[in-house]
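Report on one structure; see the data block that follows.
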Amino acid sequence: MNKITFDKIHTQTKQKKLMEMMQLSALACHDIANTNCQSSTCPICLSDDIFFYVEKFGFKLDKCRQCQQIFCNPMPNHEQLNCYYNGEMGEFENQFFADSFENRIPIFDYRIQIIHQHLKSGNLLDIGSAIGIFIEALNRAETKLNVSCCEPSKDACERLSKRFPQVTLYNDWLQNLPGTMQYEGISLWDTIEHIDQIDAFCTKVYSLLKPGGYWFFSTPNTTSFEWEIAGKDHVQLLPPGHINLFNPKSIKILLDKHGFELLKILTPNGSLDVSYIEKLIQSTSKYDANLGVYLKERFKETDFKDGFIQLISQTNNAGNMLVIAQKPE
Ligand SMILES: [Zn+2]
Numbered sequence: 425m426n427k428i429t430f431d432k433i434h435t436q437t438k439q440k441k442l443m444e445m446m447q448l449s450a451l452a453c454h455d456i457a458n459t460n461c462q463s464s465t466c467p468i469c470l471s472d473d474i475f476f477y478v479e480k481f482g483f484k485l486d487k488c489r490q491c492q493q494i495f496c497n498p499m500p501n502h503e504q505l506n507c508y509y510n511g512e513m514g515e516f517e518n519q520f521f522a523d524s525f526e527n528r529i530p531i532f533d534y535r536i537q538i539i540h541q542h543l544k545s546g547n548l549l550d551i552g553s554a555i556g557i558f559i560e561a562l563n564r565a566e567t568k569l570n571v572s573c574c575e576p577s578k579d580a581c582e583r584l585s586k587r588f589p590q591v592t593l594y595n596d597w598l599q600n601l602p603g604t605m606q607y608e609g610i611s612l613w614d615t616i617e618h619i620d621q622i623d624a625f626c627t628k629v630y631s632l633l634k635p636g637g638y639w640f641f642s643t644p645n646t647t648s649f650e651w652e653i654a655g656k657d658h659v660q661l662l663p664p665g666h667i668n669l670f671n672p673k674s675i676k677i678l679l680d681k682h683g684f685e686l687l688k689i690l691t692p693n694g695s696l697d698v699s700y701i702e703k704l705i706q707s708t709s710k711y712d713a714n715l716g717v718y719l720k721e722r723f724k725e726t727d728f729k730d731g732f733i734q735l736i737s738q739t740n741n742a743g744n745m746l747v748i749a750q751k752p753e
C-alpha cells in the first residue's frame with residue numbers, strides 16, 4: 425500500500441506560503457502587458473466548443489467540452505512566464521523541493537520501476553530536473569541508464585552539478601537543445617502542465633527520441649477523484665504556473681496528433697487524492713453535498729480508506745497520471 429500523503433510532500437510552510445507567493449508573483453506578471461490573443465479553440469483537440477471555467481490569480485482558464493482540457497486563455501506570454509519563473513517563485517519552489525526531498529523519493533521509485541520495465545540501459549534525457557530528486561532516486565536504484573538533464577533554472581543547475589558531477593547538464597530551455605542528439609528515453613515529471621506552446625514542445629520531444637524510444641511523463645489528471653470533488657477550488661489551479669491541465673482523453677489526442685503511440689496511463693498515487701480530499705472536507709462543510717459527509721465518516725475506517733485508495737489508483741481515477749508513450753520504430 426502506497427502511503428504517500430499530501431502533507432508529506434507539501435510541507436506546512438509551503439502550504440501556508442504558496443497562496444501569498446502566488447498573489448505576489450501574479451501581480452508582478454500582470455504589470456507586463458499580455459500580447460497573446462484569446463483563442464477560440466481548444467489547444468489540444470482544436471474544437472471551438474470551449475467555455476470560461478474559472479479565473480485564478482487574474483488569469484482566465486477555459487475548458488473544452490470535447491476533450492475536457494483546462495487551459496489558460498489567453499496564454500500568458502513569454503515575458504510574463506520569465507517573470508514568474510525567474511522571480512522569487514523559482515527560489516521558493518527550489519527550497520520547497522529541498523524541504524520535501526526525502527518524502528518525494530518514493531514517488532520517483534515507482535516511476536523508475538516503470539521506466540526500467542521498458543528501458544534498462546541507454547541514454548535518458550530528463551527535462552525539467554529541478555534540484556534532482558529523480559536523479560537521486562535513479563542513483564539509489566543503481567540504474568544503468570546514462571542520464572542527461574535539461575533544466576533552464578540557473579539556481580537549480582548549480583545545485584545539480586554540485587550533487588551529481590557525473591551527469592551531463594544543459595542549463596537551457598528544451599527548444600534550444602541541438603537537434604543532432606537522440607535518446608532512448610525522455611522523462612518529464614510534472615512539467616507538461618507548465619508548457620504554453622504544447623505542439624512545438626511535443627515536436628521537439630519527438631525529434632530527440634530515437635525510433636522506438638520512450639517518453640515517460642507525469643501530470644495532474646483532472647478527471648479524477650480529487651479533481652471531481654475539489655472542482656474549481658483545486659489547489660493545482662495555479663496559473664501562470666499550471667496553464668495546461670490534462671486528462672486521459674486529452675493526453676491520447678495530444679500523443680496521436682504528434683505521432684506517438686500511447687502505451688499506458690497509470691494513476692498510482694490514490695493516497696494523495698484521499699489525503700488531500702480528507703483535508704478539504706474536514707476544513708469546511710462546503711463539500712458535504714459532494715460526498716463530504718459520507719466520506720468524512722468512512723475515511724475513519726482504515727479498511728475502507730485503503731480499499732478506496734487501491735480502487736481509484738487501479739482504475740485511473742487518481743489525480744496524477746504516469747504516461748508511457750513510444751515513438752514508433
Ligand atoms: Zn479539446
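In terms of this note's numbering, the sequence shown opens at residue 425 and continues consecutively.
For each residue, glycine too, the CB sits at the ideal point set by N, CA and C.
Quiz item: Counting along the chain, where does the beta strand (DSSP E) carrying Q750 start and finish?
Solution: Here residue 750 corresponds to residue number 326 of the sequence shown, with the count starting at 1. Its beta strand (DSSP E) spans residues 744-750.
Practice problem: Might you give, ordered along the chain, the residues of its own chain that have their beta carbon closer than 6 Å to the beta carbon of E650, omitting 5 neighbours on each side? | Solution: Working through the sequence shown from its first residue, we reach residue 650 at position 226. Only D697, Y700, I701, G743 meet the Cβ criterion.
Quiz item: Given that a residue counts as buried once 16 or more other Cβ atoms are within 10 Å of its Cβ, and exposed if not, what is H434?
Solution: Looking up residue 434 in the sequence shown gives position 10. When all chains shown are included, H434 counts as buried.
Quiz item: Do P664 and Y508 have their CB atoms nearer than 7 Å?
Solution: Mapped onto the sequence shown, residue 664 falls at position 240. Mapped onto the sequence shown, residue 508 falls at position 84. Taking C-beta atoms as the reference points, P664 and Y508 count as a pair closer than 7 Å.
Exercise. Determine the extent of the beta strand (DSSP E) in which Y638 is found, giving its start and end residues.
Key: Here residue 638 is taken as the residue at index 214 of the sequence shown, counted from 1. For Y638, the enclosing beta strand (DSSP E) begins and ends at 633-644.
Exercise. For T739, collect the residues of the same chain with a Cβ closer than 6 Å to its Cβ; drop the 5 residues on either side in sequence, then sort them by chain order.
Key: Taking the sequence shown and counting its residues from 1, one reaches residue 739 at position 315. Nothing listed; no residue qualifies.
Exercise. Check whether the Cβ atoms of I677 and V747 lie closer than 7 Å to each other.
Key: As a working note, residue 677 is residue 253 in the sequence shown. As a working note, residue 747 is residue 323 in the sequence shown. No. Outside cutoff.
Quiz item: Between the Cα of F520 and the Cα atoms of L548, K703, D431, which residue gives the shortest distance?
Solution: Position 96 of the sequence shown holds residue 520. Checked all of L548, K703, D431; the closest Cα to F520 is D431.
Quiz item: Quick one: what does DSSP say T592 is sitting in, helix, strand or coil?
Solution: For the purposes of this step, residue 592 is taken as residue 168 along the sequence shown, with counting starting at 1. DSSP places T592 in strand when its eight states are reduced to three.
Quiz item: Candidates G482, F684, S464, I536: which alpha carbon is nearest R489's?
Solution: As a position in the sequence shown, residue 489 is number 65, starting the count at 1. Comparing Cα-Cα distances from R489 to each of G482, F684, S464, I536, the minimum goes to S464.
Quiz item: Is any heavy atom of ligand 1 found at a distance shorter than 6 Å from the C-beta of I468?
Solution: Translated into the one-based positions of the sequence shown, residue 468 becomes position 44. Result yes, Cβ under 6 Å from ligand 1.
Practice problem: Sort out for me which residues DSSP pairs W613 with in a bridge. | Solution: In the sequence shown, residue 613 corresponds to position 189, counting from 1. Per DSSP, S642.
Quiz item: Under 7 Å between the Cβ atoms of L593 and K628?
Solution: Working through the sequence shown from its first residue, we reach residue 593 at position 169. Working through the sequence shown from its first residue, we reach residue 628 at position 204. When the beta-carbon positions are compared, L593 and K628 stay at least 7 Å from each other.
Quiz item: Say the cut is 6 Å; is the CB of C491 nearer than that to a heavy atom of ligand 1?
Solution: Numbered from 1 along the sequence shown, position 67 holds the residue referred to as residue 491. Taking non-hydrogen atoms of ligand 1 into account, the C-beta of C491 is found less than 6 Å away from one of them.
Quiz item: To the nearest whole angstrom, what separates the beta carbons of K484 and N497, a pair I think is in contact under 8 Å?
Solution: Looking up residue 484 in the sequence shown gives position 60. Looking up residue 497 in the sequence shown gives position 73. Approximately 6 Å separates the beta-carbon atoms of K484 and N497; this is inside 8 Å, confirming the contact.
Quiz item: When we look at the beta-carbon of M745 and count the other beta-carbons within 10 Å, is it buried (16 or more) or exposed?
Solution: Counting from one through the sequence shown, the residue named residue 745 turns up at place 321. M745 comes out buried.
Quiz item: Closer than 6 Å: is that where the CB of C488 sits relative to any heavy atom of ligand 1?
Solution: Taking the first residue of the sequence shown as 1, we reach residue 488 at position 64. Under cutoff, so the answer is yes.
Quiz item: By DSSP, does F728 sit in helix, in strand, or in coil?
Solution: Here residue 728 corresponds to residue number 304 of the sequence shown, with the count starting at 1. F728 falls in the helix class under three-state DSSP.
Quiz item: What number of angstroms, rounded off, separates the C-alpha of I539 from the C-alpha of D455?
Solution: Indexing the sequence shown from 1 puts residue 539 at position 115. Indexing the sequence shown from 1 puts residue 455 at position 31. Distance between I539 and D455, taken at the CA atoms: about 42 Å.
Quiz prompt | Three-pair Cβ contact test at 8 Å for the segment 558-569 versus the segment 625-641 | solution = Too few Cβ pairs lie closer than 8 Å, so no.
Quiz item: Are the segment 525-540 and the segment 549-557 touching, with three or more C-beta to C-beta distances below 8 Å?
Solution: Touching, yes.
Practice problem: Pick helix, strand or coil for I531, following the three-state DSSP scheme. | Solution: Numbered from its first residue, the sequence shown carries residue 531 at position 107. The answer is helix: DSSP assigns I531 an H, G or I state.
Self-check item: Terminal residues of the alpha helix (DSSP H) in which S695 lies
Solution: Here residue 695 corresponds to residue number 271 of the sequence shown, with the count starting at 1. That run of the alpha helix (DSSP H) goes 694-707.
Quiz item: Where does the unbroken alpha helix (DSSP H) through G514 begin, and where does it stop?
Solution: One-based indexing of the sequence shown puts residue 514 at position 90. Run containing G514: 512-523, per the alpha helix (DSSP H) assignment.
Self-check item: Closest residue to N518 among G731, A580, D486 (Cα-Cα distance)
Solution: As a first step, residue 518 is located in the sequence shown; it is residue number 94 there, counting from the start. Ranking the options by Cα distance to N518, first place goes to A580.
Quiz item: Taking the alpha carbon of L442 as the point to measure from, which residue in F481, Q462, S471, N458 has its own alpha carbon closest?
Solution: Taking the first residue of the sequence shown as 1, we reach residue 442 at position 18. Ranking F481, Q462, S471, N458 by Cα distance to L442 puts F481 first.
Self-check item: Closest Cα partner of R583 within the set F670, S553, Q606
Solution: Here residue 583 refers to the residue found at position 159 of the sequence shown. The candidate whose alpha carbon is nearest that of R583 is S553.
Quiz item: What are the boundary residues of the alpha helix (DSSP H) that V478 is part of?
Solution: Counting from one through the sequence shown, the residue named residue 478 turns up at place 54. Careful: V478 lies outside any alpha helix (DSSP H), inside the beta strand (DSSP E) at 474-480.
Exercise. Reducing DSSP to helix, strand and coil, say where K710 ends up.
Key: Indexing the sequence shown from 1 puts residue 710 at position 286. If DSSP states are grouped into helix, strand and coil, K710 belongs with coil.
Practice problem: With DSSP as the reference, please indicate the residues paired to K568 in a beta bridge. | Solution: For the purposes of this step, residue 568 is taken as residue 144 along the sequence shown, with counting starting at 1. Answer is S545, bridged to K568.
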